[in-house]
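Chain order of the listed sequences is A and B.
Just so we're aligned: 90 in my numbering is position 90 of the first sequence, and the numbers increase by one with no gaps anywhere.
Heads up: take any position in the second sequence, counting from 1, add 96, and you land on my numbering.
Input: a single structure, listed below in structure tokens.
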Amino acid sequence: MSLTRQDVEKVALLARLRLAPSEVDTMTRQLSQIVDYVQLLSELNTDDVQPLAHAIEVTNVFAADQPLDSLSREEALSNAPHTDDEYYLVPPVLGS
Amino acid sequence: MSLIDLTATELQSQLALGHITAVEVTGAFWAQIERLNEQVGAFLATRRDMALEAAERIDLQRAKGAAVGPLAGIPVALKDLICTQGERTTCASRMLASFVPPYDATVVERLRSADAILIGKTNLDEFAMGGSTESSALGVTRNPWDLECVPGGSSGGAAACLAARMVPLSVGTDTGGSIRQPAAFCGVTGLKPTYGRVSRYGLIAFASSLDQIGPMARSAEDVALLLEVLAGHDARDSTSAAVPVPRYTECLRQPLSGLRIGVPRAHFADGLDPEVAAAVQEGLRVYRDQGAEIREIELPHGRYGIAAYYVIAPSEASSNLARYDGVHYGYRTDEAALLAEWREESRRLMDAGDTSALQQSDNPLVRMYRRTRAEGFGPEVKRRIMLGTYALSAGYYDAYYLKAQKVRRLIRQDYDRAFEQVDLILGPVTPGPAFRAGEKASDPLSMYLVDLFTVGANLAGIPAISVPCGFTSRGLPVGLHLQAPPLEESRLLRAAYMYQQTTDWHTRKPSLA
Chain A
1 MSLTRQDVEK VALLARLRLA PSEVDTMTRQ LSQIVDYVQL LSELNTDDVQ PLAHAIEVTN
61 VFAADQPLDS LSREEALSNA PHTDDEYYLV PPVLGS
Chain B
97 MSLIDLTATE LQSQLALGHI TAVEVTGAFW AQIERLNEQV GAFLATRRDM ALEAAERIDL
157 QRAKGAAVGP LAGIPVALKD LICTQGERTT CASRMLASFV PPYDATVVER LRSADAILIG
217 KTNLDEFAMG GSTESSALGV TRNPWDLECV PGGSSGGAAA CLAARMVPLS VGTDTGGSIR
277 QPAAFCGVTG LKPTYGRVSR YGLIAFASSL DQIGPMARSA EDVALLLEVL AGHDARDSTS
337 AAVPVPRYTE CLRQPLSGLR IGVPRAHFAD GLDPEVAAAV QEGLRVYRDQ GAEIREIELP
397 HGRYGIAAYY VIAPSEASSN LARYDGVHYG YRTDEAALLA EWREESRRLM DAGDTSALQQ
457 SDNPLVRMYR RTRAEGFGPE VKRRIMLGTY ALSAGYYDAY YLKAQKVRRL IRQDYDRAFE
517 QVDLILGPVT PGPAFRAGEK ASDPLSMYLV DLFTVGANLA GIPAISVPCG FTSRGLPVGL
577 HLQAPPLEES RLLRAAYMYQ QTTDWHTRKP SLA
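This is how it looks when you write it as structure tokens:
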């Protein structure tokens, strides 16, 4: 297998996901299978190939430098799970 | 003939002549939704009262002789990852189950100003990640041709509601085949436009360099009608193509003379269902009879498509989905339980004198992120976030994401070379017809391989269409796949229209409808 349980646990922390021990097992197996499959790409020599990201390659799309209306504070907070009507609230970062 | 069997184009002309009213049209489709949505599960949300009010307004405007938009009085379904102001947009995820967007997507603005009747939001694979709609956290959608089978995905609800005659027009999105594959599985017509043709503003992002919104309907003519409304440059989407949009409905009827069709040999290789192969070959014969020249072509890098796609799409997804943090919008884990857990764990480690474990233990904020995301996302979304995070993590970027973006150019170059020889590329949309629910659910890689023929168009950014071309012996629809050079949607629509003039597969109707 190309990934270990430790790899998966490390990635889960980077991805801010919590996985149950049984999920770590499944994920290790499934991710290894997919990562092994995508190794297919290494068959190709791409040394002189430029990456591609757009069908009609556009570069430097600038917007006019004009202020536009943005969401009101009320609208911006309207979907937040926890606010004091002015700010987003989160659990303590440093503990309490 | 009942109103629900008419195409949008037919409804449009009947409405314009005053033979029918928008209220009658909306009422007829509404009755079908009421009759069948429980069985089919195409819609996550419907809006009867608002739809009927909008229909009344349009009838009133028409009665006064006022100008109305091109879709006036025609019901349209929206895939539920397209933002609608003031109305829930869920991505079929627990994470966004109660999310109410404060603004409309550009395509929604365009549909509203075309006077379309927005009748409901359709089910999808969670965050559009999947090919069967089975990863939806909010509902089950079934294939109207066989309720035991999946409708395809991720635009499964969008395709199923068309096949079941619940709407004449439907808006889907396609990242790796998510319009074309469910269109094929449900026997409807669906087009993935050129990347940049339709604004993505207000489309909740999955893989930003691949996602594209597109029209789905029961005929090429209706797809043209809807695309004309959806397409166009939008300054709010910096990847939007600043090029004029042809009048698709006007050029549609011009036949393509001297048409050269390329057939990739590899698309008819082992692994293709023989009944699908036969239906697609029969479709090819239709074009040959209409005077098209058929040439065998090669897309040498086609076999790398799935591998490139399953690096690029999860990488972009892991980045896009980082925004679901339980802070700004969407689901958040129970905070009291979280803090209790943290205190308990800290006390236990402190009592044991395990200072290193205590230092490494997640602080309450990180704990909140991790619990929220573990509870809010389903297994397929987690799998892709993990895969993408891995591919983008330190030391792997060049080997995976950059490599895949380079392979993407090789894939595009194959298409560019092929299009020097031929006008269109024809093949099957999928290796097989709709599969049974649950059949591939436990094997993610086998589900990914269903996208074999469709991901190329997303990676290259070119337009492609799925057109019904027959049925299997079990009565499941088969789709014909046509691909064209960038911005040549009109060529696809004209070719599909030509095909639908001499075939009637697209008019077939499942018995339950």
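Glycine residues also receive a C-beta, built at the ideal position from the N, C-alpha and C atoms.
List the endpoints of the continuous alpha helix (DSSP H) containing Phe-125(B).
-> 118-136
Name the residues in the segment 454-466 of chain B whose C-beta lies less than 9 Å from a C-beta of chain A; which are they?
-> Asp-458, Asn-459, Pro-460, Leu-461, Val-462, Arg-463, Met-464, Tyr-465 and Arg-466
Ordered list of beta strand (DSSP E) runs contained in the segment 213-301 of chain B, each at least 3 residues | 213-218, 265-270 and 285-288
May I ask you to list the residues that DSSP assigns as paired with Gln-308(B)?
-> Asp-270(B)
Is Asn-45(A) close to chain B, meaning its C-beta is less than 7 Å from at least one C-beta of that chain?
-> no
Within this structure, are the beta carbons of Leu-3(A) and Ala-470(B) separated by less than 7 Å?
-> no
Would you decide whether Pro-396(B) is buried or exposed? Buried here means 16 or more other CB atoms lie within 10 Å of its CB.
-> exposed
Proximity of Leu-461(B) and Val-11(A) at Cβ, strictly below 7 Å | no
Taking only beta carbons into account, state which residues of the segment 57-81 of chain A come closer than 8 Å to chain B, listed in chain order.
-> Val-58, Val-61, Ala-63, Leu-71, Glu-75, Ala-76, Ser-78, Asn-79, Ala-80 and Pro-81
What runs of the beta strand (DSSP E), each 3 residues or longer, lie entirely inside the segment 352-429 of chain B?
-> 356-360 and 389-393
Proximal residues to Ala-80(A) (C-beta, below 7 Å), its chain only, five neighbours per side dropped | Tyr-88
Examine the Cβ distances between the segment 101-108 of chain B and the segment 311-322 of chain B and report whether three or more of them are shorter than 8 Å.
-> yes
The segment 333-352 of chain B in contact with the segment 131-146 of chain B per 3-pair CB rule at 8 Å | no
Just the C-alpha distance for Ala-168(B) and Phe-125(B), rounded to the nearest angstrom, thanks.
-> 15 Å
Could you tell me the boundaries of the alpha helix (DSSP H) in which Phe-515(B) lies?
-> 499-517
Interface residues of chain A facing Leu-445(B) [CB-CB closer than 9 Å] | Within chain A, no residue comes near Leu-445(B); the closest Cβ sits about 13 Å away, beyond 9 Å.
Which one or two residues does DSSP pair with Leu-174(B) in a beta bridge?
-> Lys-217(B) and Val-267(B)
Taking Cβ to Cβ, would you say Pro-289(B) is nearer than 7 Å to Gln-308(B)?
-> yes
Beta-bridge pairing of His-577(B) - partner residues as DSSP gives them | Gly-523(B) and Ser-562(B)
N- and C-terminal bounds of the alpha helix (DSSP H) containing Ala-433(B) | 431-447
In three-state DSSP terms, what is Glu-74(A)?
-> helix
Element boundaries [alpha helix (DSSP H), containing Ala-112(B)] = 104-113
In this structure, does DSSP put Tyr-344(B) in helix, strand or coil?
-> helix
Within 6 Å: the Cβ of Ala-188(B) and any heavy atom of the ligand SAM?
-> The ligand SAM is absent from the structure shown, which contains no ligand whatsoever.
Below 8 Å, can you find three or more Cβ-Cβ pairs linking the segment 483-495 of chain B to the segment 199-219 of chain B?
-> no
Rounded Cβ spacing between Leu-454(B) and Met-446(B) (contact assumed at less than 8 Å) = 6 Å
Compute the distance between the beta-carbons of Leu-94(B) and Ala-591(B), then report whether it is under 7 Å.
-> Because chain B in this structure spans residues 97 to 609, residue 94(B) falls outside the shown range and cannot be described.
Three or more C-beta pairs below 8 Å linking the segment 239-249 of chain B and the segment 156-176 of chain B = no
DSSP three-state assignment for Arg-532(B), whether helix, strand or coil | strand
Where Leu-140(B) falls: helix, strand or coil (DSSP) | strand
Output yes or no for whether 7 Å exceeds the beta carbon distance between Gly-358(B) and Ile-393(B).
-> yes
How big is the Cα-Cα spacing for Met-146(B) and Pro-171(B)?
-> 12 Å
Interface flag, Tyr-88(A) vs chain B, CB-CB below 7 Å = yes
Kindly indicate which residue of Ser-295(B), Val-204(B) and Pro-264(B) has the alpha-carbon position closest to the one of Ser-98(B).
-> Pro-264(B)
Between the Cα of Ile-561(B) and those of Tyr-544(B), Phe-567(B) and Pro-581(B), spot the shortest distance and give me the residue it belongs to.
-> Pro-581(B)
Out of curiosity, what's the CA-to-CA distance linking Leu-506(B) and Glu-378(B)?
-> 31 Å
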